[in-house]
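**Student:** Going line by line, the protein sequences match chains C and R.
Note that the numbering used here has the first sequence beginning at 1, numbered continuously upward.
Note that the numbering used here has the second sequence beginning at 1001, numbered continuously upward.
Can you read through this structure? Questions will come right after.
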Amino acid sequence: MRWVVRLAVLALLMAIPFIVNEYRVGLVAQILIFGLAAASLNVLVGVAGLPSLGHAAFFGVGGYAAGLTAIHLTQSVWVCLIMAALVGAVLAVPAGLLSVRLGGITFLMLSLAIAEILYSASETWRDVTGGSDGLSGIPSLELFPGFALDLVVERYYFVVVIFAVLYMVLRRFVDSPTGWSLRGVTSNSERMASMGYDVNRYRFVAYVVAGVVGAVAGGLNVEYSRFASPEDLGFALSSLLLVIVILGGRKRLEGAIIAAAIIVYIRQELSSQFNTWEFGLGLILVLVIYFLPGGLSGVRDQVVKALARRRALRVKTTEGGTP
Amino acid sequence: MSYVLEVRDLHLRLGASHIIKGVDLTVGEGEAVALFGRNGVGKSTLMHALMGLVRASAGSFLLSGEDLTGKPIDRIARAGLAIVPQGRRIFPTLTVQETLTLGARKAAGGWTLERVYDLLPRLAERRKQHVGLMSGGEQQMVAIGRALLRNPKLLLLDEPSEGLAPRIVGELGEVMAALRSDGLSILIVEQNLELGVNLADRVLIMDMGRIVHESPVQEFRDDPSIAHRHLGIL
Chain C
1 MRWVVRLAVL ALLMAIPFIV NEYRVGLVAQ ILIFGLAAAS LNVLVGVAGL PSLGHAAFFG
61 VGGYAAGLTA IHLTQSVWVC LIMAALVGAV LAVPAGLLSV RLGGITFLML SLAIAEILYS
121 ASETWRDVTG GSDGLSGIPS LELFPGFALD LVVERYYFVV VIFAVLYMVL RRFVDSPTGW
181 SLRGVTSNSE RMASMGYDVN RYRFVAYVVA GVVGAVAGGL NVEYSRFASP EDLGFALSSL
241 LLVIVILGGR KRLEGAIIAA AIIVYIRQEL SSQFNTWEFG LGLILVLVIY FLPGGLSGVR
301 DQVVKALARR RALRVKTTEG GTP
Chain R
1001 MSYVLEVRDL HLRLGASHII KGVDLTVGEG EAVALFGRNG VGKSTLMHAL MGLVRASAGS
1061 FLLSGEDLTG KPIDRIARAG LAIVPQGRRI FPTLTVQETL TLGARKAAGG WTLERVYDLL
1121 PRLAERRKQH VGLMSGGEQQ MVAIGRALLR NPKLLLLDEP SEGLAPRIVG ELGEVMAALR
1181 SDGLSILIVE QNLELGVNLA DRVLIMDMGR IVHESPVQEF RDDPSIAHRH LGIL
């Protein structure tokens, strides 16, 4: 059943360029890229219980890594994405060692601080990053020598494939024994520790996995848009990713994708018509937190639970013999 | 006799209160020791200090000669100390089998899932049930099984009979007797003197953060004035 749904979604994504116009194809690519970044943040927030307000740091660093590799080194898309992953890991390892043992609000502030440092570095270090103008002049990336991903459709299909692969990687990680141990750590870290689990090591692994996947999402963004800017590292994107995770529901990975679709769509469609799309977004967020504490993907769990309760009630009344 | 656990002059202060004031205690290889004491004398705090949940202010403790003072919780757990905590502390949404295997650690000739199910057949019948839906006694058995699968050098039991029906306490006593005859080293904190006395080789009594009495279990059994003096039991 699961695989049927997955293959159906994949088939739909493959069919998108035949259904909608080029502008909308670009919108779907953005949804997938931000969805992947949000899903990696979901691993950190929902599974490892580490609320980060600086996840864009990985997204942006991955983007710059891919873009600079394309300009100075090689146009091979594979090398660019591997560089994004490597640089993501180089950032995640020391940052993770520094911050995962703190947890809670301190972790949140430190994640914000790290991202802000990188943000201002990207603005100041003009020679390399192009400063606030952004990194332009990124060439089309090549799937293999001689085959550049020039057309929107080609770039789109590449995004779909990488998205599908990395989403499954995250899925496997979340469902692995490590993923379940992490849920235990989040639920009660002392209890897990007294069973011999090195709590911080598990958190660190989750931090690095989330960081590397976030960085590759950033690299994918550059592959698609051929542009990187300090905005990709900024607080606005970090908080947007966190909003996507909360809206989608912390407990479920697929929620991040659904929420990314909604948010990217309304941002693109409404921001041209209303200047105050953030107002609408804020309102939606308040309503979701108030009425759907499990986020959008938590709705299914709530319905299942309500049905089970009704069934239990019915069984009880028939057994008891009283109406 | 070689010691599994050696506590040397352990002190613990929390803020202004000096809760544990220099405790020395040992548990020998294969020995069962019962620690009695009224409420609030520091028994559970001592257990928490051994497990690393709170940090001792002074003194040290060794597990099979390895100094574990001030080590993090998971490090102590991996060194071979397993606790059956007061109030059981299970994850209610996990099933019996998930809970048992969660912290399982293999050891040659040690506890396996099959052996735990042999010892606690009721858990085998309910291996797929969520632990949160089980009775207090069954949850206690799950907590014991979980600790056994850690294959510990020393098992800490923190008031295992608390809140259980008398019939269940009897069953618990049988299980613990089986563990003892299997040669497991045990340190048990109990309010139920009968349960502790039936299990232990040696009895310690704690009062106001100190060990105030220590004797072989026979002496404690034969002289009711000991319990009367230290525990206020007639």
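We put the beta carbon where it would ideally sit given N, CA and C, even for glycine.
Keep in mind that this is a model prediction, so the values were computed, not measured.
#1: Going by the beta-carbon positions, is the gap between C:Val100 and C:Arg172 smaller than 8 Å?
#2: Name, please, each residue of chain R whose Cβ falls closer than 9 Å to the Cβ of C:Val199.
#3: May I have the straight-line CA-CA distance separating R:Ala1147 from C:Ser229, to the nearest angstrom?
#4: Would you check if there are 3 or more beta carbon pairs closer than 8 Å linking the segment 15 to 30 of chain C to the segment 238 to 250 of chain C?
#5: Which residue comes first and which comes last in the alpha helix (DSSP H) that contains C:Thr69?
#6: R:Ser1064 CB to nearest chain C CB: under 8 Å?
#7: In whole angstroms, what separates the C-alpha of C:Gly321 from that of C:Ala312?
#8: Using a Cβ-Cβ distance cut-off of 8 Å, determine whether R:Lys1083 contacts chain C.
#9: Taking the beta strand (DSSP E) that R:Lys1021 belongs to, which residues open and close that run?
#10: With contact counted as at least three CB pairs below 8 Å, one residue from each stretch, are the segment 1125 to 1132 of chain R and the segment 218 to 233 of chain C in contact?
#11: Taking 8 Å as the threshold (C-beta atoms), are R:Gly1196 and R:Ile1205 in contact?
#12: For R:Leu1238 versus R:Leu1063, is the C-beta distance shorter than 8 Å?
#13: Could you confirm whether any beta carbon from chain C is found closer than 8 Å to the beta carbon of R:Gly1087?
#14: Based on the DSSP secondary-structure assignment, which residues constitute the bridge partners of R:Lys1067?
#15: In three-state DSSP terms, what is C:Gly320?
#16: Would R:Glu1190 pass as a contact of R:Glu1214 if the rule is Cβ separation under 8 Å?
#17: Quick check: the Cα distance between R:Arg1088 and R:Ala1108, rounded to an integer number of angstroms?
#18: Using a cut-off of 8 Å between C-beta atoms, extract the partners of C:Gly184 located in chain R.
#19: Rounded to the nearest angstrom, how far is the Cβ of C:Phe158 from that of C:Leu143, given a contact under 8 Å?
#20: Please report the residue range of the beta strand (DSSP E) in which C:Ala29 lies.
#21: Give a yes or no on whether 8 Å exceeds the smallest Cβ distance from C:Phe194 to chain R.
#22: Rounded to whole angstroms, what is the Cα-Cα separation between R:Leu1231 and R:His1048?
#23: If I measure Cβ to Cβ from R:Ile1233 and keep anything under 6 Å in the same chain, skipping five residues before and after, which residues do I get?
#24: Taking the straight line between their C-alpha atoms, what separation do you get for R:Gly1028 and R:Glu1219?
#25: Find the residues of chain R that neighbour C:Arg250, judging by a C-beta separation of less than 9 Å, and give them in chain order.
#26: Work out the CA separation of C:Arg309 and C:Pro323 for me, nearest whole Å.
**Tutor:** Straight from the coordinates:
#1: Position 100 of the first sequence, counted from the start, is the residue given in the question as residue 100 of chain C. Position 172 of the first sequence, counted from the start, is the residue given in the question as residue 172 of chain C. The answer is no: Cβ separation not under 8 Å.
#2: What you label residue 199 of chain C is simply residue 199 of the first sequence in a count that begins at 1. For a Cβ distance threshold of 9 Å, residue set Pro1072, Ile1073 and Asp1074 of chain R lies close to C:Val199, ordered along the chain.
#3: Position 147 of the second sequence, counted from the start, is the residue given in the question as residue 1147 of chain R. Position 229 of the first sequence, counted from the start, is the residue given in the question as residue 229 of chain C. R:Ala1147 and C:Ser229 have their alpha carbons spaced roughly 53 Å apart.
#4: No, because fewer than three Cβ pairs between the segment 15 to 30 of chain C and the segment 238 to 250 of chain C fall closer than 8 Å, the two stretches do not touch.
#5: As a first step, residue 69 of chain C is located in the first sequence; it is residue number 69 there, counting from the start. That run of the alpha helix (DSSP H) goes Ala56 to His72.
#6: Indexing the second sequence from 1 puts residue 1064 of chain R at position 64. Among the CB atoms of chain C, none fall inside 8 Å of the CB of R:Ser1064.
#7: The residue you call residue 321 of chain C lines up with position 321 of the first sequence. The residue you call residue 312 of chain C lines up with position 312 of the first sequence. Low local confidence applies: a pLDDT of 42 at C:Gly321 is under 50, so the model's placement there is unreliable, and no value is given.
#8: The residue labelled residue 1083 of chain R in the question sits at position 83 within the second sequence. What sits at residue 1083 of chain R in the sequence shown is Ile, not Lys. Chain C has a Cβ within less than 8 Å of the Cβ of R:Ile1083.
#9: Residue 1021 of chain R sits at position 21 when you count from the first residue of the second sequence. R:Lys1021 -> beta strand (DSSP E) spans Ser1017 to Gly1028.
#10: The segment 1125 to 1132 of chain R is not in contact with the segment 218 to 233 of chain C.
#11: As a working note, residue 1205 of chain R is residue 205 in the second sequence. As a working note, residue 1196 of chain R is residue 196 in the second sequence. Taking 8 Å as the cut-off, the Cβ atoms of R:Ile1205 and R:Gly1196 do not count as close.
#12: Examination of residue 1238 of chain R is not possible in this model, given that chain R is present from 1001 through 1234 alone.
#13: Counting from one through the second sequence, the residue named residue 1087 of chain R turns up at place 87. It does not; no Cβ of chain C falls within 8 Å.
#14: Position 67 of the second sequence holds residue 1067 of chain R. It is worth fixing the name first, because residue 1067 of chain R is Asp in this sequence and not Lys. According to DSSP, which records beta bridges pairwise, R:Asp1067 is partnered with R:Leu1062.
#15: Working through the first sequence from its first residue, we reach residue 320 of chain C at position 320. Because C:Gly320 sits at a pLDDT of 47, beneath the cut-off of 50, its placement in the model cannot be relied upon, and the following sentence gives the value as read from the coordinates. Residue state for C:Gly320 is assigned as helix, using DSSP reduced to three classes.
#16: Numbered from its first residue, the second sequence carries residue 1190 of chain R at position 190. Numbered from its first residue, the second sequence carries residue 1214 of chain R at position 214. In this structure, the beta-carbon distance from R:Glu1190 to R:Glu1214 does not fall below 8 Å.
#17: The residue you call residue 1088 of chain R lines up with position 88 of the second sequence. The residue you call residue 1108 of chain R lines up with position 108 of the second sequence. In this structure, the alpha-carbon of R:Arg1088 lies about 27 Å from that of R:Ala1108.
#18: Against the first sequence, residue 184 of chain C aligns to sequence position 184. Here the neighbours are Phe1091 and Leu1102.
#19: For the purposes of this step, residue 158 of chain C is identified with residue 158 of the first sequence, where counting begins at 1. For the purposes of this step, residue 143 of chain C is identified with residue 143 of the first sequence, where counting begins at 1. 7 Å between Cβ atoms; contact.
#20: The residue given as residue 29 of chain C occupies position 29 in the first sequence. Here C:Ala29 belongs to no beta strand (DSSP E); instead the alpha helix (DSSP H) covers Glu22 to Asn42.
#21: Within the first sequence, residue 194 of chain C is the residue found at index 194, counting from 1. The amino acid at residue 194 of chain C is misidentified as Phe; the sequence shows Ser. The beta-carbon of C:Ser194 is placed less than 8 Å from the nearest beta-carbon of chain R.
#22: To locate residue 1231 of chain R, count along the second sequence from 1; it is residue 231. To locate residue 1048 of chain R, count along the second sequence from 1; it is residue 48. Cα-Cα distance, rounded: 22 Å.
#23: The residue you call residue 1233 of chain R lines up with position 233 of the second sequence. Cβ neighbours of R:Ile1233 within its own chain (closer than 6 Å, five residues either side excluded): Ala1227.
#24: Stepping through the second sequence from its first residue, residue 1028 of chain R is reached at position 28. Stepping through the second sequence from its first residue, residue 1219 of chain R is reached at position 219. So the alpha carbons of these two residues sit roughly 19 Å apart.
#25: Here residue 250 of chain C corresponds to residue number 250 of the first sequence, with the count starting at 1. Ordered by position in chain R, no residue passes the 9 Å Cβ test against C:Arg250, which lies about 16 Å from the chain.
#26: The residue given as residue 323 of chain C occupies position 323 in the first sequence. The residue given as residue 309 of chain C occupies position 309 in the first sequence. Since pLDDT at C:Pro323 reaches only 41, below the 50 mark, its modelled position is unreliable, and no value is offered.
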